[in-house]
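Worksheet for the structure shown next.
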Amino acid sequence: MSDHHAPGAAAAQEEHEEHEHPSWKQYKWVALILLVITVVEVWVYYTPFAKSPYFNPFLITMSAVKFGIVVQMYMHLKYDHKLFRALFFGPLLIAMFTVTALLFLFHQLPPLF
Amino acid sequence: MATTAAAPKFQPVNTDGSYGESGFWSWMTTVDHKRIGTLYLYTALFFFIVGGIEAGIMRWQLALPNSHVVSAQMYNQLFTMHGTTMVFLAIMPLSAAFFNYLIPLQIGARDVAFPRLNAFSYWVYLLGGLFISIPILFKTAPDAGWFGYAPLTTPQFSGGLNIDFWVIGLQILGISSLAAAFNFITTIINLRAPGMTLMRMPMFTWMSFVVQFLLILAFPAITIALVFLLFDRFFGTQFYEIASGADPLLWQHLFWVFGHPEVYILILPAFGLVSEILPTFSKKPLFGYNVMVYSGIMIGVLGFGVWAHHMFAVGMGAVADSIFSLVTMLIGIPTGVKIFNWIATMWAGEIRFTAAMKFAIGLIALFTIGGISGVMHSSPPADTQQTDTYFVVAHFHYVLFGGSIMGILGGIYYYFPKMTGRYMSEKLGTWHFWLTFIAMNLTFFPMHFSGLLGMPRRVYTYDAGQGWEKFNLASSLGTALLIFATSLFVINFLWSRKNGAKAPNDAWGAATLEWSIPSPPPDYNFAQIPIVTSRSPLWDLKHPEMTAGIAHSSPDAMTITDSHAVPMHEETEYKTAKELGIPMPFPTIKPFFAALGIIVMFSGLIFIHLDKFAIAMAITIGGAVLLVGSLYAWLTSPLE
Amino acid sequence: MSRKRPHRFAPAVLLAAVVLMLAACGVEYPNSTFNHTSDLNTAIDALWDRLLLLGTIVFVFVEVLLIFTIYKFRKRPGGAPAKQIHGHAALEITWTVIPALILVLIAVPTVRTIFKTQAKAPAGSLEVTVIGHQWWWEFRYPSLGITTANELYIPAGKTVNFTLQSRDVIHSFWTPQLGGKRDLITNRTNYLWYTVNADLAENVFNGFCTEYCGASHANMRFRVYTVSPDKFDSWTKRQQANGVMSPIPSVAAAPVVALASVAGSKAKAPATPPAPASQLAVDGYVYPLAQMPKWTIPQTPVPSEIKFDDALLAGGDSARGHEMVANTKNMGTVPCLTCHIIRGEYTAMGLKDDVAAGPNLTHIASRHTFAAGLYPTTPANLARWIKNAQVMKPGSLMTVLGAGEYNPMLKKTNGSTALDDRQIADIVAYLMALK
Amino acid sequence: MATAVTHEAHEAHDTHEHVHYTSTGLDNRKVAIWAFIGSECMLFASLISTYLIYKGRSRVGPLPHEIWTSPSGQIFQPILNIPVTSASTFVLLMSSLVMVLALAAVENRGKPGYVGTLLGNSKFWLAATALMGATFLGFQAYEFTSFVHEGLTIKTNLFGSSFFTLTGFHGAHVTAGVLWLLTLLAIDIKRGLTPKDAILVDICALYWHFVDVVWIAIFTLVYLIK
Ligand code: HEA
Ligand code: HEA
Ligand code: CUA
Ligand SMILES: [Cu+2]
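Chains as they are written, first to last, in the numbering used here: chain A, 1 to 113; chain B, 1001 to 1640; chain C, 2001 to 2435; chain D, 3001 to 3226.
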């Protein structure tokens, strides 16, 4: 199966990765984006939009974006071995499913039907 | 005994697996996965007997209506500890014994990824197990059932120390399971021999791999649930305090988010063992290997979506009941695939009925019954008549005893020659099997009836004339027979260690790597790491006619960087690690002290409850210092 | 030889199973879940029959296939060598699809039944509030103004909607013969409703607590009497009346105790205040003791540790007992009314159902069992109960009242000021008058 | 980073434990830390679920976003302090950037563009990350004490219990991270971290970023959402 990576191949692949490894230039942009999103989030909190039904979904989307950026760039999951992606996103998926299910069960989310 | 391999020239220095380096201290400091596996095996068997004795007393009490062998309070402690012991101290560690012993051997590794962490896991398990078990001797054992529903466990309703031992004990045991799981995940991902692709791994390793993921994902949920309870009991938080408006279902959900994956943690290793035994004794490869892998993964994943089927009586509402019911039923499909693939594995084979094989077949027969009653539970309206009755008790003993225990017993018969270099007595084993098979059904089958005829579970006594007498008497007689049968096993096990017939490398004519090295294996396992070219390397080597039709592919020679790797062969010579120039991890006591530190640290909490705050602080800080100190010493000293 | 055994053994197991199954429908099984006694029970049973049928088919198929395989392909001299088969896609798909189809056959009626049985109770049902306590049952009929304990009367043929709540830990309400169980959960309210078949009037059923709730979980039982609607009304009248001896002179003018209701339920006090008890108390229906089937009469052995001279009971004076229980001055040694409500007695206490720690005793003598179905209501049993409830029922939350008895709550032995046997006999005589 | 490990595999066979052959070519510790992080997802999922489930269920105040009047008439203001927490969130977010630079400094030690520059000064970056972590903890300590002054403790109500436990667990993770960073700093000062040691920094960084990511979720779900 393709799951096997012989070490030689892996080494070669990583050398390749090294190349793509984000640099200071990217890092600083990433930091800036994170910062801007956070500022927007907090700002929105104080605007009338905070009363809108879209406020919570908006915030959750924003923080999901931040979450994704940090994981992909700073934790270099985007550039790393795909195994790590599986090790992280698999459990994350199950965890998010569990949270959602629990919130439904305790009526913290509107009922499905 | 049918063997296909010639006896090896190799003779170990001594046969207890310790290679000259024996004695108490060598066991305390060992980091060898095989010895740790052995420790797990003995400890878990001990706890299995403890749990069995607890069950025996319970059945003695329930043999007749209105009888009074033990008090109500004692009975409640007994069933709580019976469940807790069997689940956390017997079956899980029995599985861990096999993880430890077998995974490195099956994937062609010299040890696990973190040998010292492995020792640490064992010591935490042992000490935590004693911590939670000993109170029963002083009549202060946990008494809220193995799933300890809040608010019964809150200080308001359980003021004594009983629940303290439970919440702390389980917390400690969780540490052990988690540490071990990280270790095995890394081991399986990283330490496979060249050519041992994931889809060439033996089925036991595969199922263990799935189990490790269940462990790392299920245990956090109970850890948090227990943290809340611990805080409630010691620091005055309100998580389960009904007066503050707490919702008792919070505990139930968190517990079962853990609890249901937990039952698959208990069964999948047994499934793995059976998947090793059946092919060997049918002289056929496992039928539908890929599908067996996927169904195992499916069971694991779906297992996270069914937890609330334990809560069909709590009033979750029709929608939630329906969804959980449907997902629960779905699990029957991949499990059924396993059952049929096992039967297909035997189909057209040459079946040898060794003791191990009998237990494996027993698992198929008995687990099916438990699985079917599980599907009966999965229908919520029907389950409202079944939940919390003996029908449930029947269900889970069929899957736990008929499944996990049968599989593990089969595994012990099967791997005993590898571990000790000697066979267990087949004659006693046959007796053991048939008595267990009969007694098991005699004990647990009548529970289906007593349950459907209205008998609630967890009752220390019941009134006469309710229509339950004969079923209970049958169950109790069955238990007596079960104890007798288990004694035969214990005798066989102990006797055969020294007196069993000698076993060669390949005791049964199996296909996988662990059988290519001496029995018991040398401490470094493989003098030379084999290069694997198929799923059944040893059959390739010894019975090429069996595997002729399969495509083989060696890993690219370029990619084999391990200087010890050589093409697959059977090892017949014994040399020390030194002679071979294989670096071995140093034995060390540090993991033991780190584990001890954890236990001491947690024990301090008990004194908070006794209102001895200063003592509590002193003990906790002492434990923490011991823990941190040992950890620091451990992390800064070289491994090998 | 070993390979032949499973062959003979399995059919024997099967046969035994079928025989037992058939036997299970007989009268020997007073708590059987298979009798179609209510609409709920009938719906569940229909589902169960299907589960059992399909389950049996799967069971027989798998076991027969297994036994056949291991018999046919056992290794024997001259047998065919093993065929090296690695898998078979079509076969594997088959045994994925067929179980899936079987599951559909189960899933569809399951979901239907869920939505049917969990719908809102039909309007006009009799409302009964069930409150779980460690370790006894409180039953309230908010629309009728009745509070009773451990013995439940319901009219056959009429829908009863149970509102389920708990005062302490989780319990579960279950009458196996009548229908599925539902949990009583603290800080939550659950519902369960069913209609008992009209032809089942004049029946008694056993009920159980089925969620582990502590020391005496096993002793948390109850009785359900299904009676005809007119008998139910008659019973209702009796229960609405005050206790037989009340009102005692000193508090004669006190108003009727307000009928407390569980938070959330909109109970109203009965339209007409109950008539003076002395006339009404013994009127009205009670399920005749003589008709109680033997399995509804508790056979719990009375602990021999409690010594009580039963001869004293014959001389018990109910008036003296009444004076002891209902007189404020005695509250220190005879504190019954700090925990129990006896309607009409000492209402100045103001004890409400919602606060009362123990069962409502207004008509205790009209209940055939007490202490949550643990003992028959006889003077001898009551006397021992009052003397030492802890020994009578492990962990019971009723204090130990007999002189010289050890009180585990206070961790000391009661002194001589506690109740002596004579006094207990008087109190028992009074209780036995609370018909 | 991992490249170095593989290259060195043969020469260093007996001296360094982390150069063992692995089937994927990946370092054992890195695989383990990812598995650990996966597990932590579930840990925080349980904590966050509990917080959200108990939101709005407290019978007494103080409350996160609502004014609460006690039966005795005392008025409690909404307790969460968004400006202060925004500041601490900012610090933690930026610490991730600094952490990345620390790793880059170790990985690229000796490479042009790094030698002698601030970018190549791993000690500085490590110390800065630890410092920012400590700052975050300082904010948290301030927040906790001010809550206690305003009448909210871990014992007060369901909100208090679940809030302090959730953020406390996160704070404990940050504390562990700070200690870890300081240990690395000590090693760096003692013997200097070389590209060969990059793995040590890498796993610490992964942990650190994860703790940051969890805070992103907490900040939104606990502080901002109403
Ligand atoms: C080894 C552990 C183990 C295993 C593997 C299982 C497997 C299953 N369990 Fe069980 N279960 C427990 C251990 C286990 N269980 C325990 C310990 C409890 C009680 C906890 C407590 O309350 O103390 C429990 C309780 C329990 C309940 C709650 C009952 C209640 O309290 O009311 C339910 C409800 O749905 C359930 C369902 C199932 C199902 C559907 C499966 C399925 O995975 C079974 C699938 C298998 C088969 C179906 C058989 C083989 C399949 C075929 C031959 C194919 C054809 C079959 C069909 C088409 C049906 N189990
Ligand atoms: C995990 C596995 C497991 C196993 C293997 C068993 C094994 C057994 N269990 Fe149990 N059981 C549980 C898990 C398990 N159980 C759980 C989780 C519960 C729920 C607890 C709860 O409600 O909280 C439970 C509950 C439970 C109950 C219900 C209690 C109640 O609700 O009131 C009963 C009642 O009969 C019972 C009986 C038995 C019996 C007779 C055995 C037998 O199979 C035991 C057989 C074992 C032996 C026979 C070993 C003893 C051997 C010797 C003594 C020989 C010694 C000889 C020498 C030293 C030479 N178990
Ligand atoms: Cu109440 Cu069990
Ligand atoms: Cu389950």
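By construction, the Cβ of each residue, glycine as well, lies at the ideal position given by its N, Cα and C atoms.
Under 9 Å between beta-carbons, which chain B residues line up against P91 (chain A)? List them in chain order, please. What P91 (chain A) touches in chain B: F1213, I1216 and L1217.
Expected contact under 8 Å - CB spacing of W1347 (chain B) and F2162 (chain C) to nearest Å: The Cβ separation is near 53 Å, so there is no contact.
Cβ shell of A3130 (chain D) (< 6 Å), same chain only, five flanking positions each side left out: Answer for A3130 (chain D): V3178, L3181 and L3182, listed in chain order.
S2172 (chain C) - DSSP class collapsed to helix/strand/coil: Strand.
Classify A3009 (chain D): buried if its beta carbon has 16 or more other beta carbons within 10 angstroms, exposed otherwise. For A3009 (chain D), the predicted model reports a pLDDT of 36, less than 50, meaning its position is unreliable; a value from the coordinates is still stated below. Buried is the call here.
Along chain B, in chain order, which residues have C-beta atoms closer than 7 Å to that of G3038 (chain D)? I1216, listed in chain order.
Are the CB atoms of N2031 (chain C) and T2369 (chain C) within a distance shorter than 9 Å? Going by C-beta atoms, T2369 (chain C) is not nearer than 9 Å to N2031 (chain C).
The beta strand (DSSP E) enclosing G2179 (chain C), as first and last residue numbers: Start and end: G2179 to L2184.
How about W1251 (chain B): is its Cβ closer than 8 Å to a heavy atom in ligand 4? Distances from the CB of W1251 (chain B) to the heavy atoms of ligand 4 are all 8 Å or more.
Please list, in chain order, all residues of the same chain as F1048 (chain B) whose beta carbon is under 6 Å from its beta carbon, the five residues on each side excluded. So the qualifying residues of the chain are A1090.
For ligand 3, list every residue whose C-beta falls under 6 Å from any of its heavy atoms, going in chain order. Taking each Cβ in turn, the ones that pass are C:G2132, C:W2135, C:H2171, C:C2209, C:E2211, C:Y2212, C:C2213, C:H2217 and C:M2220.
Start and end of the alpha helix (DSSP H) containing I2154 (chain C)? Per DSSP, I2154 (chain C) belongs to no alpha helix (DSSP H); it is in the beta strand (DSSP E), E2151 to P2155.
Would A50 (chain A) count as contacting chain B if we go by Cβ distances under 9 Å? Interface criterion not met: the Cβ of A50 (chain A) is under 9 Å from no Cβ in chain B.
Under 9 Å, do S3023 (chain D) and I1189 (chain B) count as touching if we go by C-beta distance? Yes, the pair counts as a contact, with Cβ atoms nearer than the cut-off.
Which parts of the segment 3040-3076 of chain D are runs of the alpha helix (DSSP H), unbroken and 4 residues or longer, counting only runs that do not cross its ends? Segments of the alpha helix (DSSP H) lying fully in the segment 3040-3076 of chain D: there are none.
For H1609 (chain B), would you say it is in contact with chain A, using Cβ-to-Cβ distances shorter than 9 Å as the test? Output row for H1609 (chain B): interface = no.
From B:T1368, B:A1485, B:K1542 and B:D1032, pick the residue whose C-alpha is nearest to that of V2064 (chain C); which is it? When each option's Cα is compared against that of V2064 (chain C), the closest is B:T1368.
DSSP beta-bridge partners of H2133 (chain C): BP columns for H2133 (chain C) point to C:W2136.
Is the beta carbon of H1397 (chain B) within less than 8 Å of some heavy atom of ligand 2? Under cutoff, so the answer is yes.
Run the CB neighbour count on V1112 (chain B), radius 10 Å, all protein chains shown included, and call it buried at 16 or more, exposed below. Under a 10 Å Cβ-count criterion, V1112 (chain B) is classified as buried, with 16 or more other Cβ atoms of the shown protein chains found around its own Cβ.
Taking 8 Å as the cut-off, does the CB of A1055 (chain B) come closer than this to any heavy atom belonging to ligand 2? True, at least one ligand heavy atom lies under 8 Å from that Cβ.
Report the rounded CA-to-CA distance for L2382 (chain C) versus T2129 (chain C), giving the unit in angstroms. If you take the alpha carbons of L2382 (chain C) and T2129 (chain C), they lie about 27 Å apart.
Of the residues D:C3041, D:K3196 and D:Y3021, which one's Cα is nearest the Cα of H3212 (chain D)? According to the sequence displayed, residue 3212 (chain D) carries Asp and not His. The candidate whose alpha carbon is nearest that of D3212 (chain D) is D:C3041.
Quick one: what's got a C-beta closer than 7 Å to A2418 (chain C)'s C-beta in the same chain, skipping five residues either side? These residues qualify, in order along the chain: T2333, L2401, G2402 and A2403.
Quick check on this structure: which residue in C:S2318, C:E2345, C:I2341 and C:H2340 has the alpha carbon closest to the alpha carbon of F2327 (chain C)? The residue you asked about is not Phe; residue 2327 (chain C) is Asn in the sequence shown. In this structure, C:E2345 is the residue among C:S2318, C:E2345, C:I2341 and C:H2340 with its C-alpha nearest to the C-alpha of N2327 (chain C).
heavy atom of ligand 4 below 8 Å from V1263 (chain B) C-beta: For ligand 4, at least one heavy atom lies less than 8 Å from the Cβ of V1263 (chain B).
Starting from the C-beta of E41 (chain A), find all residues in its chain whose C-beta is less than 7 Å away, skip the five residues before and the five after it, and write them out in chain order. Once the five neighbours on either side are set aside, the close Cβ partners of E41 (chain A) are L59 and M62.
Need the endpoints of the beta strand (DSSP E) that W1468 (chain B) sits in, please. Membership of W1468 (chain B) in any beta strand (DSSP E) is not indicated, and neither H nor E is assigned to it by DSSP.
On the three-state DSSP scale, how would you describe T2037 (chain C)? It is coil, neither helix nor strand.
Would you grab the beta carbon distance between S3046 (chain D) and I1185 (chain B) for me? Rounded to a whole angstrom, and I think it's under 8 Å. That pair is no contact at about 20 Å.
Three or more C-beta pairs below 8 Å linking the segment 2384-2396 of chain C and the segment 2412-2429 of chain C: Segments in contact, yes.
Restricting to runs no shorter than 4 residues, where is the alpha helix (DSSP H) found entirely within the segment 1196-1272 of chain B? The segment 1196-1272 of chain B is shown to contain whole alpha helix (DSSP H) runs of 4 or more residues at 1203-1235, in chain order.
According to the neighbour-count rule (16 or more other Cβ atoms, all chains shown, within 10 Å of its Cβ), is F3264 (chain D) buried or exposed? Nothing can be reported for residue 3264 (chain D), as the shown portion of chain D is limited to 3001 through 3226.
Helix, strand or coil at V1031 (chain B) according to DSSP, with G and I counted as helix: Coil at V1031 (chain B), not helix or strand.
Within 10 angstroms of the Cβ of R1458 (chain B), are there 16 or more other Cβ atoms? Answer buried if so, exposed if not. Buried is the call here.
Would you say the segment 1098-1109 of chain B touches the segment 1027-1036 of chain B, given that touching needs at least three Cβ pairs under 8 Å? The count of Cβ pairs closer than 8 Å, one atom from the segment 1098-1109 of chain B and one from the segment 1027-1036 of chain B, reaches three, so the stretches are in contact.
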